[in-house]
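7 is the number of the first residue of the sequence shown in this note's numbering; add one for each residue after it. Worksheet for the structure shown next.
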Amino acid sequence: QLTYTYVPAKIFDRVQLRLGGGIANVLSTLNFYEAEKIIPSPVVSYNNVVTSQVQLCSGSTAMLVAAPIPNTVINWYTQPAGGTSVFTGNTFTTPALTSATTYYAEAMRNGCIDASARTKVVITVNDLPMAPVITNNSATICQGLIATFAAQTVNGITVNWFAQASGGTPVATGDTFTTPVLNANASFYAEAVNTSGCASAQRTQVNVIVSPAPDMPVLSATAITVKTGQTATISVTNAQAGVTYNWYTQ
Numbered sequence: 007q008l009t010y011t012y013v014p015a016k017i018f019d020r021v022q023l024r025l026g027g028g029i030a031n032v033l034s035t036l037n038f039y040e041a042e043k044i045i046p047s048p049v050v051s052y053n054n055v056v057t058s059q060v061q062l063c064s065g066s067t068a069m070l071v072a073a074p075i076p077n078t079v080i081n082w083y084t085q086p087a088g089g090t091s092v093f094t095g096n097t098f099t100t101p102a103l104t105s106a107t108t109y110y111a112e113a114m115r116n117g118c119i120d121a122s123a124r125t126k127v128v129i130t131v132n133d134l135p136m137a138p139v140i141t142n143n144s145a146t147i148c149q150g151l152i153a154t155f156a157a158q159t160v161n162g163i164t165v166n167w168f169a170q171a172s173g174g175t176p177v178a179t180g181d182t183f184t185t186p187v188l189n190a191n192a193s194f195y196a197e198a199v200n201t202s203g204c205a206s207a208q209r210t211q212v213n214v215i216v217s218p219a220p221d222m223p224v225l226s227a228t229a230i231t232v233k234t235g236q237t238a239t240i241s242v243t244n245a246q247a248g249v250t251y252n253w254y255t256q
């Protein structure tokens, strides 16, 4: 028994089997049992890499791309055989996934009922970390100073700090974050990232309240002459409510 596979270079409508050459001198008869059209299975890529294994963060989608095959449509299934396709087309974007899921891509010629073997793609879904817990998420500083915040250390978790509640580029990485010099109220946001590269669904907000510097004191006198044993009284003429004035000899 001999099985021979041939990939035609052009469109064809018939196959001719001829016996000739040296093999004709050896064989007296040739029995032809079956001819079968074999459609290549789809080649599936994720992020431009051919793969059968995909890693996702919980709540994310995956865009699976089957390489185009001329005169062929691609059907996507959740079963290895049978069932109803969940999508038709070369590019399939899954729904948001929260648990491991397997999809199967099948190629079918236009106008034909024959289909290829299905290509299996296993999607592993990784859990999201909890948002960082900040020891003290509010700080009050004087104008022109800095504030420091600390997230509780968790094994396998990296903390990124942002100036935005979502998106953007981290301004710092690490459990401890020191702000730049601040002259106005500001908020920063801490995001946890686990070893799978998954980020927490929410960011933890920290707030910095900047108290304006008080006015420079204006004294009732800048020079006083007294005799030995006498006292002198100097007062702040522009005293502000809520401000404490300290007096120095330097």
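Built from N, CA and C at the ideal position, the CB exists for glycine as well.
For residue 51, same chain residues with a beta-carbon under 6 Å away, outside a window of 5 residues either side, are 71 in chain order. Put simply, the region 125–145 touches the region 93–111. At least three CB pairs are less than 8 Å apart. Residue pairing from DSSP places residue 215 in a beta bridge opposite 146. Here residue 112 carries a strand assignment [DSSP, helix/strand/coil].
Three or more Cβ pairs drawn from the region 79–97 and the region 111–118 lie within less than 8 Å of each other, which places the two stretches in contact. Runs of the beta strand (DSSP E) lying entirely within the region 78–141 and spanning at least 3 residues, in chain order: 78–83, 97–99, 107–115 and 125–132. Where residue 197 is concerned, the enclosing beta strand (DSSP E) starts and stops at 192–199. Looking at the DSSP output, residue 66 sits in a beta bridge with 103.
Two segments are said to touch when three or more pairs of C-beta atoms, one from each, lie closer than 8 Å; by this definition the region 157–176 touches the region 202–213. The DSSP-derived three-state label of residue 58 is coil.
Residue 254 and residue 194 have their alpha carbons spaced roughly 38 Å apart. The three-state secondary structure of residue 189, taken from DSSP, is coil. For the pair residue 187 and residue 151, the CB atoms are nearer than the 9 Å cut-off.
A Cβ-Cβ contact shorter than 9 Å links residue 142 with residue 156.
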